[in-house]
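Peer 1: I am attaching a structure below and will ask some questions about it afterwards.
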Amino acid sequence: MTDTTAETGAPAPRTDLQADPVARGPLARFFENWPLSVLLALGWVFVVLVVAIGADVIAPYSYTGLDLSSRLSPPVFMGGSWAHLLGTDELGRDVFSRLVQSIRMSLLIAFFGTIIATTLGTSLGFLAAHFRGKVEALVLMLIDFQASMPFLIIALAVLAFFGNSLPLFIMLMGFNAWERYARIARGLTISAHEQGYAAAVRQLGASPWRTYGHHILPNIASTLIVSMTLSFPETILMESGLSFLGLGVQPPMTSLGNMVGYGREYITRASWIMLSPALVIVLTTLSISMIGDWLRDRLDPTLQ
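See the structure below:
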């Protein structure tokens with residue numbers, strides 16, 4: 001409906017900016033497509049990735065190096081020395097060096113965990129949509145079981161029974177939220193069969209591997225990528241929570257949750273030990289979530 005004036009009820013004149021989007025200028029159009037919040041989130045994620053990739057070069061000290069003479073030294077912004085930018089912990093270890101290595105470890109765990117969850121869930125979704133019948137019923141039963149059982153309880157039981165190692169921990173993170181990808185893959189694959197292009201490819205003699213790998217998967221990839229960006233922060237938080245409880249990354253390795261867990265005992269005397277990794281967790285998960293929401297708005301055709 002067109003706007004009307006209050007006195008006459010006649011259509012209100014449109015401004016030049018409303019009539020011609022080009023008149024808004026390139027800067028306005030740029031920020032319309034790339035909101036400032038998304039740009040800031042992308043900038044933070046870029047910085048975190050650079051730190052993770054170049055951790056060995058950026059860290060001024062070994063993350064396991066001890067210096068008891070400098071234990072609990074405050075950071076620079078609290079009157080400390082530039083020799084330890086973010087201060088030291090209870091064993092004299094440089095907090096900045098440990099933070100850099102923790103970022104790398106947490107991102108690696110979250111990345112491989114998300115890849116495993118995506119691969120597992122998508123494969124099961126394809127199986128359910130391809131075979132239907134009993135196979136589909138079995139996959140749906142597994143999905144319902146995974147969705148109904150709190151993953152934290154499963155993780156605690158597995159780690160308590162089998163012990164902890166980094167490969168096992170990464171595999172465990174891969175079982176977090178796989179049912180989300182299975183639902184997406186199954187639903188979109190069934191939709192592809194109903195649209196006809198998948199059946200047409202099969203009638204031309206394409207094998208199931210080629211049908212799913214070369215035709216169906218590329219068409220649902222954008223939705224899967226959006227789901228990955230939304231579940232990646234959840235994996236970071238899950239890893240941080242388990243490491244905080246002492247069931248995640250084990251010494252001498254370090255992660256963001258591991259640092260927060262060790263720093264909680266010194267929150268009143270040396271808050272910087274805990275606050276630095278906690279701030280990185282918050283900013284990283286928030287940034288990736290914002291990017292995921294932005295991608296969903298741009299790539300999901302149902303929201304257009």
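Residue numbers (UniProt numbering): 1 to 304. The beta carbon of each residue, even a glycine, is placed where N, CA and C say it ideally should be. Computed from a prediction, not measured in an experiment: that's the story for all the values here.
#1: Considering Met-171, what are the terminal residues of the alpha helix (DSSP H) in which it resides?
#2: Judging by CA-CA distance, which residue of Pro-60, Phe-169 and Leu-42 is the nearest neighbour of Leu-295?
#3: Applying the criterion that 16 or more other CB atoms from any shown protein chain within 10 Å of the CB defines a buried residue, is Asn-33 buried or exposed?
#4: If you drop the 5 nearest sequence neighbours on each side, which residues of the same chain put their C-beta closer than 6 Å to that of Gly-92?
#5: Label Phe-169 either buried or exposed according to how many other C-beta atoms from any shown protein chain fall within 10 Å of its C-beta, with 16 as the threshold for buried.
#6: Excluding five sequence neighbours on each side, which residues of the same chain lie with their C-beta closer than 8 Å to the C-beta of Phe-126?
#7: Would you report the Cα separation of Ile-180 and His-193, rounded to the nearest angstrom?
#8: Is there contact between the segment 231-241 and the segment 254-271, where contact requires at least three CB pairs shorter than 8 Å?
#9: At what residues does the alpha helix (DSSP H) containing Asp-56 begin and finish?
#10: When DSSP labels each residue in this structure, what does Thr-5 get in the three-state scheme?
#11: Just confirm the distance between the C-beta atoms of Thr-114 and Ser-231, as a whole number of angstroms; I'd bet it's less than 8 Å.
#12: Residues in the same chain with beta-carbon distance under 8 Å from His-130, minus the five sequence neighbours each way, listed in chain order, please.
#13: Would you call the segment 47-64 and the segment 72-81 in contact, with 3 or more CB pairs under 8 Å?
#14: In angstroms, rounded to a whole number, what distance separates the CA positions of Leu-17 and Val-38?
#15: Measure the alpha-carbon distance for residue 309 versus Leu-247 and round it to whole angstroms.
#16: Are the Cβ atoms of Thr-118 and Leu-224 separated by less than 8 Å?
#17: Would you report the Cα separation of Arg-183 and Thr-122, rounded to the nearest angstrom?
#18: Taking just the CA atoms, how far does Met-141 sit from Arg-98?
#19: Give the straight-line distance between the Cα atoms of Phe-111 and Ser-222, rounded to the nearest whole angstrom.
#20: Does the ligand ADP have even one heavy atom less than 7 Å from the beta-carbon of Leu-124?
#21: Under 7 Å Cβ to Cβ from Ala-147, same chain only, skipping five residues before and after it: list those, please.
#22: Given this structure, state the Cα-to-Cα distance separating Leu-143 from Ala-155, to the nearest angstrom.
#23: Can you tell me whether Thr-2 is buried or exposed, with buried defined as 16 or more other CB within 10 angstroms of its CB?
#24: If I follow the unbroken alpha helix (DSSP H) through Arg-298, where does it start and stop?
#25: Can you tell me the Cβ-Cβ gap for Pro-251 and Thr-285, rounded? I've got them flagged as a contact below 8 Å.
#26: Locate the alpha helix (DSSP H) running through Leu-107, then write down its first and last residues.
#27: Please classify Thr-88: does DSSP put it in a helix, a strand, or coil?
#28: Considering only residues of the same chain and omitting the five flanking positions on each side of Phe-51, which have a CB-CB separation below 7 Å?
#29: Return the chain-ordered list of same chain residues with a C-beta closer than 6 Å to the C-beta of Gly-263, the five sequence neighbours on each side being excluded.
#30: Give me the residue from Leu-107, Ala-28 and Ala-83 with the minimum Cα distance to Ala-55.
Peer 2: In brief:
#1: In the sequence shown, counting from the first residue as 1, residue 171 sits at position 171. Start and end: 166-174.
#2: For this step, residue 295 is matched to residue 295 along the sequence shown. Out of Pro-60, Phe-169 and Leu-42, Leu-42 has the C-alpha closest to the C-alpha of Leu-295.
#3: On the sequence shown, position 33 is the one that residue 33 refers to. The residue in question, Asn-33, is exposed, as its Cβ has fewer than 16 Cβ neighbours within 10 Å.
#4: Counted from its first residue, the sequence shown places residue 92 at position 92. Here the set comprises Leu-66, Asp-67, Leu-68, Ser-70 and Arg-71.
#5: Residue 169 sits at position 169 when you count from the first residue of the sequence shown. So Phe-169 counts as buried.
#6: Indexing the sequence shown from 1 puts residue 126 at position 126. Same-chain partners within the cutoff: Ala-185, Arg-186, Thr-189, Tyr-212 and Ile-216.
#7: By 1-based counting over the sequence shown, the position of residue 180 is 180. By 1-based counting over the sequence shown, the position of residue 193 is 193. It should be pointed out that residue 180 corresponds to Arg in this sequence rather than to Ile. Near 20 Å, if we compare the C-alpha coordinates of His-193 and Arg-180.
#8: yes
#9: Start at 1 with the first residue of the sequence shown, and residue 56 comes out as number 56. Its alpha helix (DSSP H) spans residues 55-58.
#10: Taking the sequence shown and counting its residues from 1, the one referred to as residue 5 is at position 5. Bear in mind that a pLDDT of 49 at Thr-5, under 50, signals an unreliable position, so the model cannot answer this.
#11: Reading the sequence shown from its first residue, position 114 is the one you call residue 114. Reading the sequence shown from its first residue, position 231 is the one you call residue 231. Contact flag correct, Cβ pair sits at about 6 Å.
#12: The residue given as residue 130 occupies position 130 in the sequence shown. The residues are Thr-189, Pro-208 and Tyr-212.
#13: no
#14: To locate residue 17, count along the sequence shown from 1; it is residue 17. To locate residue 38, count along the sequence shown from 1; it is residue 38. Model confidence at Leu-17 stands at a pLDDT of 47, short of 50, so the residue's coordinates are unreliable and nothing is read from them.
#15: Outside the displayed span of the chain (1 to 304) sits residue 309, for which this structure offers no information.
#16: Position 118 of the sequence shown, counted from the start, is the residue given in the question as residue 118. Position 224 of the sequence shown, counted from the start, is the residue given in the question as residue 224. Cβ distance < 8 Å, so Thr-118 and Leu-224 count as in contact.
#17: Locating residue 183 in the sequence shown gives position 183, where the first residue counts as 1. Locating residue 122 in the sequence shown gives position 122, where the first residue counts as 1. Looking at the two C-alpha atoms, the distance is approximately 8 Å.
#18: In the sequence shown, counting from the first residue as 1, residue 98 sits at position 98. In the sequence shown, counting from the first residue as 1, residue 141 sits at position 141. In a straight line, the C-alpha of Arg-98 is about 43 Å away from that of Met-141.
#19: For the purposes of this step, residue 111 is taken as the residue at position 111 of the sequence shown. For the purposes of this step, residue 222 is taken as the residue at position 222 of the sequence shown. Phe-111 and Ser-222: Cα-Cα distance of roughly 18 Å.
#20: Absent from the structure shown: the ligand ADP. Ligands present: none.
#21: Locating residue 147 in the sequence shown gives position 147, counting from the first residue. Within the same chain, Ala-147 has close Cβ partners Glu-179.
#22: Along the sequence shown, read from residue 1 onward, the residue named residue 143 stands at position 143. Along the sequence shown, read from residue 1 onward, the residue named residue 155 stands at position 155. First, the amino acid is wrong: residue 143 is Ile here, not Leu. In a straight line, the C-alpha of Ile-143 is about 17 Å away from that of Ala-155.
#23: Walking along the sequence shown from the start, residue 2 turns up at place 2. Its pLDDT being 49, under 50, Thr-2 is placed unreliably in this model, and the value from its coordinates should be taken loosely. With fewer than 16 Cβ atoms within 10 Å of its Cβ, Thr-2 is classed as exposed.
#24: In the sequence shown, residue 298 corresponds to position 298, counting from 1. Start and end: 272-299.
#25: Along the sequence shown, one-based indexing puts residue 251 at 251. Along the sequence shown, one-based indexing puts residue 285 at 285. The pair is not a contact, with the Cβ atoms about 24 Å apart (cut-off 8 Å).
#26: Within the sequence shown, residue 107 is the residue found at index 107, counting from 1. Residues 95-131.
#27: On the sequence shown, position 88 is the one that residue 88 refers to. Of the three classes helix, strand and coil, the one that applies to Thr-88 here is strand, per DSSP.
#28: Within the sequence shown, numbered from 1, the residue matching residue 51 stands at position 51. Note on identity: in this sequence residue 51 is Val, with Phe being the wrong assignment. Closer than 7 Å at Cβ, skipping near neighbours: Ile-58, Val-100 and Ile-103.
#29: Residue 263 sits at position 263 when you count from the first residue of the sequence shown. Cβ neighbours of Gly-263 beyond the five flanking positions: Ile-273 and Met-274.
#30: Reading the sequence shown from its first residue, position 55 is the one you call residue 55. Considering only alpha carbons, the answer is Leu-107.
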